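For reference, the structure is listed below as structure tokens.
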Amino acid sequence: MQGRKILITGGTGQVARPVAEALAPHNEVWCLGRFHDATARRALEERGARTVTWDMATDELDSLPRDFTHVLHSAVQRGDGHDFEEVARVNAVGTARLMTHCSTAESFLYVSSGVVYHRADRTHQYRVGDPLGGEVPWLPTYPIAKLSAEGVVRGLAEALALPAVIARLNIAYGPYGHGGVPMILFEQMRRGQPCAVPREGQNYCNLLHTDDVVRQVPLLWDAARVPARVVNWGGDEEVGITDLLEHMSALTGVPVRLDRNDYSRETAVFDHEARRSLIGDCSVGWKAGIARTLAELFEEYRDRIEEGRNA
């Protein structure tokens, strides 16, 4: 992708940052975010991206140009878990401001989440069209944040004739920021803290490496339509969280303590038929991707991981 004018929100996030860094050398990329992480902001600017401080809860967009060709909206106000009204307002209004400001764009991509689905059993493969109304005890306001913004994207895509795609993300991970949920869990392991898993069975997910995120974003832009198209976005493989923890332990030698209880953080498994028909398969297998990410973020385990991979 070259010669385009691209606006990306949530500039230091697990999706936005690697996409911005990959596209900035050959496109005019603007990144919006709160930029609490000065190192990440500097890395974006060194790659050629323009960074602008933006809080979607309060800030207007009047100082920005309007002639962006592509928009990636991944910023989110998750809230504190209690104020549902404020979370709904901030995400709806922030998304509406962005879409109306960029109403002449060729494509608008909104990064939603699997948390929007009404929970079924752990092995259910969620399809676009399954019941919505997610519940996540670890952050109850998160589903309403995503659902509110999804509604705005659907409405304004048609009102503005702005081609849009809503990508419901599973679990993205890789060597950016905190590394995603797998690396958060690994940090718990390093501190000797128990990792919560179900009392029986496993939670399953579809891990998506940032290499695939970067490669697939332009393909998702190409898939945008009016009315807005909705697609599940995750890795091809089903991964059990307990299997993930034990794999990271085997790679690094860091022991894992499993806390089997009724309050583990639920994940979801997607049906990928629609996504594969639109943008094809993923390129990074989860075991290889986790090994690479651990080696890049935790240098002290690099030699052991390499020895294990070459054995």
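Each residue of the sequence shown is one higher than the one before, counting from 1 in the UniProt record's numbering. All residues carry an ideal CB built from backbone N, CA and C; glycine is no exception. These numbers were taken from a predicted model, which means no experiment stands behind them.
From the options, residue whose alpha carbon lies closest to that of residue i
i    : options                   : result
H36  : V15, W30 and G11          : G11
L61  : L251, R302, G129 and I8   : I8
P163 : S112, V214, C102 and F108 : F108
E46  : S113, P175, G240 and E21  : E21
L156 : V19, R225, V76 and R260   : R225
S148 : A159, L132 and V269       : L132
S103 : L160, A75, D80 and G94    : L160
T69  : H124, A96 and N27         : N27
V230 : V71, E106, A43 and V111   : V111
P140 : Q77, I241 and L98         : Q77
R191 : D55, S283 and V254        : V254
L32  : E85, E300 and A16         : A16
Q125 : R276, V136, I305 and A268 : A268
H82  : M99, V136, H73 and G201   : V136
A43  : T210, L278 and G177       : G177
R215 : V93, T51, L23 and K5      : L23
D80  : V90, R304 and H73         : V90
H73  : F186, D303 and R97        : R97
E306 : A250, S277 and D67        : A250
R276 : R304, I290, E237 and A288 : E237
T242 : L208, A274, G201 and H209 : G201
V71  : M99, F186 and E85         : M99
E299 : E106, K5 and T252         : T252
Where residue i falls, given that 16 or more other Cβ within 10 Å makes a residue buried
i    : result
R127 : exposed
Q14  : buried
W138 : exposed
E150 : buried
L245 : buried
D259 : exposed
A49  : buried
A172 : buried
Q2   : exposed
A40  : buried
R257 : exposed
T53  : exposed
A38  : exposed
T123 : exposed
P227 : exposed
P65  : exposed
G129 : exposed
A223 : buried
P25  : exposed
D121 : exposed
D212 : buried
A92  : buried
G94  : buried
A288 : exposed
S63  : exposed
Span of the alpha helix (DSSP H) around residue i
i           : result
A196        : Note, A196: premise wrong, no alpha helix (DSSP H); beta strand (DSSP E) at C195 to P198.
W233        : Looking at the DSSP string, W233 is not in any alpha helix (DSSP H); the run it does join, the beta strand (DSSP E), is R229 to W233.
H247        : I241 to T252
L294        : W286 to L297
residue 316 : The shown model of the chain, from 1 to 311, leaves out residue 316, and the question about it has no answer.
G151        : Y142 to A159
Q188        : V181 to R190
residue 332 : Here the chain has residues from 1 to 311 only, and residue 332 is not among them.
R276        : E273 to I279
N-terminal and C-terminal residue of the beta strand (DSSP E) that residue i is part of
i    : result
D259 : L258 to N261
S113 : S107 to S113
A164 : A164 to L169
L7   : K5 to T9
S50  : Strictly speaking, residue 50 in this sequence is Arg, with Ser absent from that position. Unbroken beta strand (DSSP E) run through R50: R50 to T53.
G94  : Counting along the chain, G94 falls outside any beta strand (DSSP E), though it belongs to the alpha helix (DSSP H) covering F84 to H101.
W138 : Neither: W138 is in no beta strand (DSSP E) and is coded neither H nor E.
H26  : First-last for H26: undefined, no H or E at that position.
L208 : L207 to H209
Supposed close pair residue i, residue j - CB separation, criterion 8 Å
i    : j    : result
V87  : I166 : That pair is no contact at about 18 Å.
N206 : V239 : 7 Å
W233 : R168 : 6 Å
P18  : G174 : 7 Å
F270 : N170 : 6 Å
Legend entry - At least 3 beta-carbon pairs within less than 8 Å: the region 192-209 vs the region 252-264: yes
Inset, instruction - Pair every Cβ in the region 114-121 with every Cβ in the region 51-59, then say whether three or more of these pairs are closer than 8 Å. - result: no
Inset, instruction - Examine the Cβ distances between the region 177-189 and the region 283-298 and report whether three or more of them are shorter than 8 Å. - result: yes
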